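Trainee: Shown below is the structure under consideration.
In structure tokens:
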């Protein structure tokens, strides 16, 4: 998650209005679902890939690495669609292995279609998440008047996921330093203790956060200044050079 | 003259026998740098929570400019507009996804317009050396940056009384100097800064006045040279208060 967050804050179209990026991703998804042809999905996938690398300046290798992880799950899911198990007919002599695996042209095409379509849709979402920080997405969610409570929850969850990760890392390191994962039995016990402590720590932090918010005149609503963004025309007015390095990659 | 007066304050935490504040009376005038010192459990943090209206005393009165604090919603907001608190752990204070939005929260809670809030955010960001970090997600800040961001979030509300609860703990010497410079610049504008600390050297060198709390009461109060006549080595002073 931190990896994706780093890309989201350090790409060439970081300042572009998230509505434009979300709109592009949505259009790509609708095209893939609407046309339902493998070559359309493959073309969409290619377009997203080209824009991610040339326009946003995302490293191709990283983009493909993330996509490969997702593709691994997808492939496992489409294999049962491509492959059917058939029993031999009564006329045939009884074989040693009584079941046969069968791949028909239709089933293979169906699986390929599903795979390319899903990959293209996922890569459209990857494009959005790797070029748009969560703070911008939360800001975007506020525009169509999503209930305030939802926006506040999204803000807090995003903020405290990282705090929780840090806390978990510290607790795990503390347990490891005392040989807490030496055997399976101690590992189970340590994991249980960490989970219990993490729960208590979360509760303690939430109480402290409430106190600090109240000290800043909080009355139940999180009020923050909305973000400002570059309009879509900034893409051609200040077209970034292909060779321009992505700024501040190491700042996060 | 602006004054915050803790008048015979008593407060006991639920489930605890000994009071955290036990008949404490303290006047805090404007434009001073005050160091709060004392052992753990001496009542420093509780005093700060009382000052901000987070804790309502069991007995005694908190007065601001002579008038008792009204603990109804509007009265509490009025108190918090004037008394700001920076807590020990900045991690517990930064709730927004990025620094800019987090600092803007306080001014917007005060009812300022977005334009006015922007001005305040930019002003305190410059004061706290955060201008280049405004776009940074709060979870990606270093410890020192988080402390400065938390401080900026309170300064943006322009409190007349700023209470800082052990904010210099766990900071490297350079960041600590930065934080103290921010507190000094705020005090120089005729605001009062109350810094709670365990660092006696810091208290002696930084503060105009030191308030030493023990067992929920003022043990000693005065100028640094009056509090530490023989230097700041703890061995020179009674441990039991």
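Chains as they are written, first to last, in the numbering used here: chain A, 6 to 257; chain B, 4 to 244.
Beta carbons are placed, not taken as given, at the ideal position from N, Cα and C, and that holds for glycine.
Given the structure is predicted, the values throughout are model-derived calculations rather than measurements.
1) With DSSP as the reference, please indicate the residues paired to residue 105 of chain A in a beta bridge.
2) List, in chain order, every chain A residue whose beta-carbon is nearer than 9 angstroms to that of residue 107 of chain B.
3) With a threshold of 8 angstroms between beta carbons, is residue 14 of chain A in contact with chain B?
4) Assign residue 201 of chain A to one of two classes, buried (16 or more other C-beta atoms within 10 Å of its C-beta) or exposed (fewer than that).
5) Where residue 68 of chain B and residue 155 of chain A are concerned, what is the direct C-alpha to C-alpha distance, given to the nearest angstrom?
6) Check each residue of the segment 202 to 218 of chain A: if its Cβ is closer than 7 angstroms to any Cβ of chain B, include it; give the result in chain order.
7) Using a cut-off of 7 angstroms between C-beta atoms, extract the partners of residue 55 of chain B located in chain A.
8) Can you say whether residue 203 of chain B is buried or exposed, counting buried as having 16 or more other CB atoms within 10 angstroms of its CB?
9) Go ahead and pull the three-state DSSP assignment for residue 206 of chain B.
10) Using only alpha-carbon positions, find the residue among A:203, A:190, A:157, A:159 that is nearest to residue 177 of chain A.
11) Which residues bound the beta strand (DSSP E) around residue 215 of chain B?
12) Near residue 153 of chain A, which residues of its chain fall below 7 angstroms by C-beta distance, leaving aside the five closest residues on each side in sequence?
13) Do you know whose CA, among B:224, B:116, B:93, B:130, lies nearest residue 211 of chain B's CA?
14) What residues in the segment 120 to 140 of chain A bring their beta carbon closer than 8 angstroms to a beta carbon of chain B?
15) Which residue wins for smallest C-alpha separation from residue 25 of chain B, given the options B:219, B:48, B:226?
16) Output, in chain order, the set of chain A residues within a Cβ distance shorter than 7 angstroms of residue 8 of chain B.
17) Quick check on the burial criterion: 16 or more other C-beta atoms within 10 angstroms. Buried or exposed for residue 256 of chain A?
18) What would DSSP say about residue 30 of chain B, mapped onto helix, strand or coil?
19) Between residue 200 of chain B and chain A, is there a C-beta pair that is closer than 8 angstroms?
20) With a threshold of 8 angstroms between beta carbons, is residue 99 of chain B in contact with chain A?
21) Which residue's Cα is closest to the Cα of residue 49 of chain B: B:34, B:72, B:90?
22) Locate the beta strand (DSSP E) running through residue 6 of chain B, then write down its first and last residues.
23) Quick one: measure Cβ to Cβ for residue 199 of chain B and residue 75 of chain B, integer angstroms, because I've assumed they're closer than 8 angstroms.
24) For the beta strand (DSSP E) that residue 222 of chain B lies in, which residues bound it at each end?
25) Does the segment 121 to 140 of chain A come close enough to the segment 43 to 60 of chain A to have 3 or more Cβ pairs within less than 8 angstroms?
26) Considering residue 53 of chain B, what are the terminal residues of the alpha helix (DSSP H) in which it resides?
27) For the pair the segment 103 to 121 of chain A and the segment 155 to 167 of chain A, tell me if three or more CB-CB distances fall below 8 angstroms.
28) Look at the alpha carbon of residue 81 of chain B and the alpha carbon of residue 106 of chain B, and state the distance between them as a whole number of angstroms.
29) I'd like the list of long-range same chain contacts for residue 167 of chain B, defined as Cβ closer than 6 angstroms, with 5 residues on each side in sequence excluded.
30) Just to confirm my understanding: we take residue 96 of chain B, look at its own chain, exclude 5 residues before and 5 after, and list those with CB closer than 7 angstroms. What are they?
31) To be precise: take each residue of the segment 167 to 184 of chain A, compare its Cβ to all Cβ atoms of chain B, and keep it if any distance is under 7 angstroms. Which residues remain?
32) Looking only at its own chain, which residues have a Cβ that is under 6 angstroms from the Cβ of residue 235 of chain B, when we skip the five neighbours before and after it?
33) By the three-class DSSP mapping on this structure, what secondary structure does residue 70 of chain B have?
34) Leaving aside the five residues before and after residue 207 of chain A along the sequence, list all residues of the same chain whose C-beta is less than 6 angstroms from its C-beta, in chain order.
35) Give the DSSP bridge partners of residue 39 of chain B, in chain order.
36) From A:236, A:31, A:89, A:105, pick the residue whose C-alpha is nearest to that of residue 111 of chain A; which is it?
Mentor: Taking the geometry as given:
1) On the first chain, position 100 is the one that residue 105 of chain A refers to. Beta-bridge pairing links residue 105 of chain A to A:91.
2) Start at 1 with the first residue of the second chain, and residue 107 of chain B comes out as number 104. Residues of chain A passing the Cβ test: 228, 229, 230.
3) In the first chain, residue 14 of chain A corresponds to position 9, counting from 1. It does; some Cβ of chain B falls within 8 angstroms.
4) In the first chain, the residue the question calls residue 201 of chain A occupies position 196. Looking at its Cβ environment, which holds fewer than 16 other Cβ atoms inside 10 Å, residue 201 of chain A is exposed.
5) Translated into positions along the second chain, residue 68 of chain B becomes position 65. Translated into positions along the first chain, residue 155 of chain A becomes position 150. If you take the alpha carbons of residue 68 of chain B and residue 155 of chain A, they lie about 41 angstroms apart.
6) 210, 213, 214, 216, 217, 218
7) Start at 1 with the first residue of the second chain, and residue 55 of chain B comes out as number 52. Those within 7 angstroms of residue 55 of chain B in chain A are 220.
8) Residue numbering aside, residue 203 of chain B sits at position 200 when the second chain is read from its first letter. Buried is the call here.
9) Here the question's residue 206 of chain B lines up with position 203 in the second chain. Three-state DSSP puts residue 206 of chain B in a helix.
10) Looking up residue 177 of chain A in the first chain gives position 172. Ranking the options by Cα distance to residue 177 of chain A, first place goes to A:203.
11) Locating residue 215 of chain B in the second chain gives position 212, where the first residue counts as 1. Residues 212 to 217.
12) Residue 153 of chain A sits at position 148 when you count from the first residue of the first chain. Within the same chain, residue 153 of chain A has close Cβ partners 226.
13) Numbered from 1 along the second chain, position 208 holds the residue referred to as residue 211 of chain B. It is B:224 whose Cα lies nearest to the Cα of residue 211 of chain B.
14) 138, 139, 140
15) Numbered from 1 along the second chain, position 22 holds the residue referred to as residue 25 of chain B. The candidate whose alpha carbon is nearest that of residue 25 of chain B is B:219.
16) Numbered from 1 along the second chain, position 5 holds the residue referred to as residue 8 of chain B. In chain order: nothing, as chain A lies at least about 20 angstroms away.
17) Counting from one through the first chain, the residue named residue 256 of chain A turns up at place 251. Annotation note: pLDDT 45 at residue 256 of chain A (below 50); position unreliable, coordinate value reported separately. Looking at its Cβ environment, which holds fewer than 16 other Cβ atoms inside 10 Å, residue 256 of chain A is exposed.
18) Reading the second chain from its first residue, position 27 is the one you call residue 30 of chain B. Note: residue 30 of chain B maps to strand in three-state DSSP.
19) In the second chain, counting from the first residue as 1, residue 200 of chain B sits at position 197. Taking Cβ atoms only, chain A never reaches closer than 8 angstroms to residue 200 of chain B, which makes this a no.
20) Counted from its first residue, the second chain places residue 99 of chain B at position 96. Yes, residue 99 of chain B counts as interfacial toward chain A.
21) For the purposes of this step, residue 49 of chain B is taken as the residue at position 46 of the second chain. For residue 49 of chain B, the nearest C-alpha among the options comes from B:90.
22) Working through the second chain from its first residue, we reach residue 6 of chain B at position 3. Per DSSP, residue 6 of chain B belongs to the beta strand (DSSP E) from 6 to 14.
23) The residue given as residue 199 of chain B occupies position 196 in the second chain. The residue given as residue 75 of chain B occupies position 72 in the second chain. That belief does not hold up - the Cβ atoms of residue 199 of chain B and residue 75 of chain B are roughly 28 angstroms apart, past 8 angstroms.
24) Here residue 222 of chain B refers to the residue found at position 219 of the second chain. Taken as a continuous stretch (DSSP letters only), the beta strand (DSSP E) holding residue 222 of chain B covers 220 to 225.
25) yes
26) If you number the second chain from 1, residue 53 of chain B lands on position 50. Counting along the chain, the alpha helix (DSSP H) containing residue 53 of chain B begins and ends at 47 to 54.
27) no
28) For the purposes of this step, residue 81 of chain B is identified with residue 78 of the second chain, where counting begins at 1. For the purposes of this step, residue 106 of chain B is identified with residue 103 of the second chain, where counting begins at 1. The alpha-carbon atoms of residue 81 of chain B and residue 106 of chain B are separated by roughly 19 angstroms.
29) By 1-based counting over the second chain, the position of residue 167 of chain B is 164. Once the five neighbours on either side are set aside, the close Cβ partners of residue 167 of chain B are 89, 198.
30) Against the second chain, residue 96 of chain B aligns to sequence position 93. Result list for residue 96 of chain B: 90, 153, 156, in chain order.
31) 167, 168
32) By one-based count along the second chain, residue 235 of chain B stands at place 232. 203, 204, 207.
33) Indexing the second chain from 1 puts residue 70 of chain B at position 67. Strand at residue 70 of chain B.
34) Residue numbering aside, residue 207 of chain A sits at position 202 when the first chain is read from its first letter. No residues qualify anywhere along the chain.
35) If you number the second chain from 1, residue 39 of chain B lands on position 36. Residue 39 of chain B pairs with B:199, B:214.
36) Reading the first chain from its first residue, position 106 is the one you call residue 111 of chain A. Comparing Cα-Cα distances from residue 111 of chain A to each of A:236, A:31, A:89, A:105, the minimum goes to A:89.
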